[in-house]
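Participant: One point on numbering: in numbering that gives the first Met the number 0, the residue at position 127 of the sequence shown is 126, and numbering is uninterrupted. For every residue, glycine included, the Cβ atom is placed at its ideal position computed from N, Cα and C. Predicted model only: the values in this text are computed from it and were never measured. Take a look at this one; I'll ask things after.
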Amino acid sequence: MSSISLPFLSVIVPAHQGEQVLPLALEALQRSDLPRECWELIVVDDASTDATSILAARYADTVIRLAGTPHGPAYARNRGFEASRGEVLVFIDADVAVHPDTLRRFATLFVREPALGAAFGSYDHRPSGQGLVSQYRNLLHHYVHQQSVGEAETFWAGCGAIRRDVFTEVGMFDEWHYPRPQIEDIELGRRIRQHGYRVLLRPEIQATHLKLWTFRQVVVTDFTSRGVPWMRLILQEGASAASGALNLQTREKLCTALAGLTLAALLAAVVLRALWPLAVAATAIAIIVLFNRRFYDFLRRQRGLWFAIRAVPLHLLYYVVNGFSAIVGWMLHHLFGAPRPAPDVTARSASGIKTWPPTPTRPASSLWNAPAGKSARRAPPA
């Protein structure tokens with residue numbers, strides 16, 4: 000297929016304090032085998048105080064500098080979109096290095112699938128971080144995406160693409176409810192699906208994750224940035240939210256419950272000074288390992304038996320954090336309802352004062368606009 004027949008791509012990269020990894024991500028884009036005249040590169044510097052903008056200017060066609068305090072990736076991606084001209088928008092995180100064929104694969108996919116609304120890929124199995132935590136975290140992400148090929152109910156903005164008209168129709172990223180990195184891409188994917196468009200996960204479209212994870216970052220991210228807001232979104236949407244989602248399969252829910260049982264049993268063993276709770280904990284762990292045997296075998300094949308054994312406690316912790324996230328998310332949803340922006344954002348929005356950067360706006364089709372549990376799927380477009 001010739002490059003002339005491919006859609007023009009707008010590659011949008013939001014960045015905050017990215018001077019360490021952003022050049023690696025942009026250099027990877029420059030090595031793309033899609034001809035340079037077929038895509039533009041837009042970097043949005045979200046209030047960085049380092050050299051992010053200066054470094055971005057060496058590679059990007061357009062650099063947008065957002066002043067003030069950080070606005071979050073949802074807001075930054077929307078500002079990048081407003082400066083773009085591509086038929087297809089490709090969102091790449093600042094700590095993600097695409098493969099040479101990533102952009103070409105996206106462009107070709109949207110030609111072959113004219114009814115496709117959005118698509119996203121996967122991290123590869125060679126993350127740059129060499130520690131146990133970084134390797135485990137990125138390999139878990141890789142494994143989940145590799146096992147979930149086909150139709151998806153969500154979206155991933157780390158390495159994902161959306162048709163321009165679809166992005167406009169659904170109201171862009173929800174910068175009102177997600178002022179910091181959370182699940183703004185998942186929420187966008189849900190809206191794309193509810194508008195009747197297809198979202199595909201294509202695991203052969205890959206990129207390398209450059210992030211170096213620490214133990215604390217994993218726990219905080221899984222709890223505050225993923226688990227709690229995702230639970231609140233599930234409760235907002237109702238039962239339909241859990242259907243087909245990557246991390247919401249029945250097996251995953253059961254493993255989360257078993258991890259909670261394990262923790263309760265260990266606490267009971269200490270309080271009661273008895274041995275039988277340890278047997279309960281051991282049984283629960285054995286069931287979790289059994290359910291995840293394919294994942295652990297994947298880790299063994301990729302990094303060896305000792306790595307797979309050491310990854311099991313991290314995986315158990317992952318489930319425990321998911322459980323606590325569900326509980327806290329349920330409480331916050333019933334106590335406070337929808338996430339709210341900062342008071343100054345609400346005040347500026349009500350005043351109607353025009354500023355730059357502009358005041359965040361609420362998408363007309365946001366899932367948070369509907370009554371809890373009442374989000375409805377629209378009929379597919381004709």
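1. Sorted by chain position, which residues of the same chain lie with C-beta nearer than 6 angstroms to R104's C-beta, five sequence neighbours on each side aside?
2. Assign G130 to one of three DSSP states: helix, strand, or coil.
3. Run through the region 249-288 for me and flag every whole alpha helix (DSSP H) of 4 or more residues, listed as ranges in chain order.
4. At a cut of 8 angstroms, does the region 330-345 reach the region 173-186 through at least three beta carbon pairs?
5. Just how far apart, CA to CA, sit V344 and H144?
6. Could you check where the beta strand (DSSP E) with I91 kicks off and where it finishes?
7. Could you give the first and the last residue of the continuous beta strand (DSSP E) run that contains I63?
8. Between V20 and R125, what straight-line distance do the alpha-carbon atoms span, to the nearest angstrom?
9. By how many angstroms is the C-alpha of L131 removed from the C-alpha of Q216?
10. Go ahead and label A363 buried or exposed: buried means 16 or more other beta carbons lie within 10 angstroms of its beta carbon, across all protein chains shown.
11. Quick one, which of A96, L366, L265 has its alpha-carbon nearest G237's?
12. Measuring alpha carbon to alpha carbon, tell me which of L8, A349, L139, L28 ends up nearest W212.
13. What's the gap between the Cα of A82 and the Cα of Y74?
14. For V20, does the three-state DSSP call read helix, strand or coil?
15. What is the DSSP secondary structure of T48, reduced to helix, strand or coil?
16. Would you call V270 buried or exposed, if buried means 16 or more other Cβ atoms sit within 10 Å of its Cβ?
17. Using only the alpha-carbon positions, how far apart do V42 and Q16 sit?
18. Can you tell me the Cα-Cα spacing of A382 and R190, whole angstroms?
19. Return the CA-CA distance between I286 and Y135, expressed in angstroms with no decimal places.
20. Under DSSP, the alpha helix (DSSP H) around T101 begins and ends at which residues?
21. DSSP state of T167, grouped into three classes?
22. Assuming R160 and L5 make a contact with CB atoms under 8 angstroms, what is their CB distance in whole Å?
23. Which ranges does the alpha helix (DSSP H) cover as unbroken runs of at least 4 residues, wholly within the region 166-201, from first to last along the chain?
24. Starting from R302, trace the alpha helix (DSSP H) in both directions and tell me its first and last residue.
25. Which of the three DSSP states, helix, strand or coil, is assigned to Y122?
26. So L257 and A283 are supposed to be a Cβ contact under 8 angstroms. How far apart are they, rounded?
27. Closest to K252 by CA distance: which of V319, G170, F7, P99 is it?
28. Distance, Cα to Cα, M0 vs I182?
29. Would you mind working out which of I63, E26, E18, R78 sits nearest T51, comparing C-alpha positions?
30. Starting from the Cα of P385, find the closest Cα among D94, L298, G85 and give me that residue.
31. Put H15 into one of helix, strand or coil per three-state DSSP.
32. In angstroms with no decimal places, state the Cα-to-Cα distance between L25 and R272.
33. On the DSSP letters alone, give me the boundaries of the alpha helix (DSSP H) that G336 sits inside.
34. For I53, which of helix, strand or coil comes out of DSSP?
35. Apply the 10 Å Cβ neighbour rule to A346 and answer buried if 16 or more other Cβ atoms are within range, or exposed otherwise.
Facilitator: So, from the listed chains and residues:
1. These residues qualify, in order along the chain: I204.
2. Note: G130 maps to coil in three-state DSSP.
3. Segments of the alpha helix (DSSP H) lying fully in the region 249-288: 249-271.
4. The region 330-345 is in contact with the region 173-186.
5. Per the coordinates, the alpha-carbon of V344 lies some 36 angstroms from the alpha-carbon of H144.
6. 87-91 is the extent of the beta strand (DSSP E) around I91.
7. Run containing I63: 61-65, per the beta strand (DSSP E) assignment.
8. Cα to Cα, V20 sits roughly 16 angstroms from R125.
9. If you take the alpha carbons of Q216 and L131, they lie about 13 angstroms apart.
10. Exposed, since its Cβ has fewer than 16 Cβ neighbours within 10 Å.
11. When each option's Cα is compared against that of G237, the closest is L366.
12. Among L8, A349, L139, L28, the Cα nearest to that of W212 belongs to L139.
13. Each residue's Cα considered, the two are about 13 angstroms apart.
14. Residue state, collapsed to three classes: coil.
15. In this structure, T48 counts as coil in the three-state DSSP scheme.
16. Its Cβ having fewer than 16 others within 10 Å, V270 is exposed.
17. Looking at the two C-alpha atoms, the distance is approximately 13 angstroms.
18. With the chain covering only 0 through 381, there is no way to say anything about residue 382.
19. If you draw a straight line from the Cα of I286 to the Cα of Y135, it comes to about 20 angstroms.
20. Taken as a continuous stretch (DSSP letters only), the alpha helix (DSSP H) holding T101 covers 101-111.
21. If DSSP states are grouped into helix, strand and coil, T167 belongs with the helices.
22. Checking the sequence shown, residue 160 turns out to be Ala, not Arg. Going by Cβ atoms, the distance from A160 to L5 rounds to 12 angstroms, so no, they are not a contact pair.
23. Under the rule that a run must span 4 or more residues, the alpha helix (DSSP H) segments found entirely inside the region 166-201 read 183-193.
24. Note, R302: alpha helix (DSSP H), 292-302.
25. Note: Y122 maps to strand in three-state DSSP.
26. Yes, they are in contact, since the Cβ atoms of L257 and A283 sit about 4 angstroms apart, within 8 angstroms.
27. When each option's Cα is compared against that of K252, the closest is V319.
28. Here the model assigns M0 a pLDDT of 46, short of 50, so the residue's position is not dependable, and the following value carries that caveat. In a straight line, the C-alpha of M0 is about 35 angstroms away from that of I182.
29. Nearest C-alpha to T51: E18.
30. The question about residue 385 has no answer, for the chain in this structure spans 0 to 381.
31. Under the three-state reduction of DSSP output, H15 falls in the coil class, being neither helix nor strand.
32. Roughly 57 angstroms separates the two Cα atoms.
33. That residue, G336, is in no alpha helix (DSSP H); it is neither H nor E in DSSP.
34. Residue state, collapsed to three classes: helix.
35. With a 10 Å radius around the Cβ and a threshold of 16 neighbouring Cβ atoms, A346 comes out exposed.
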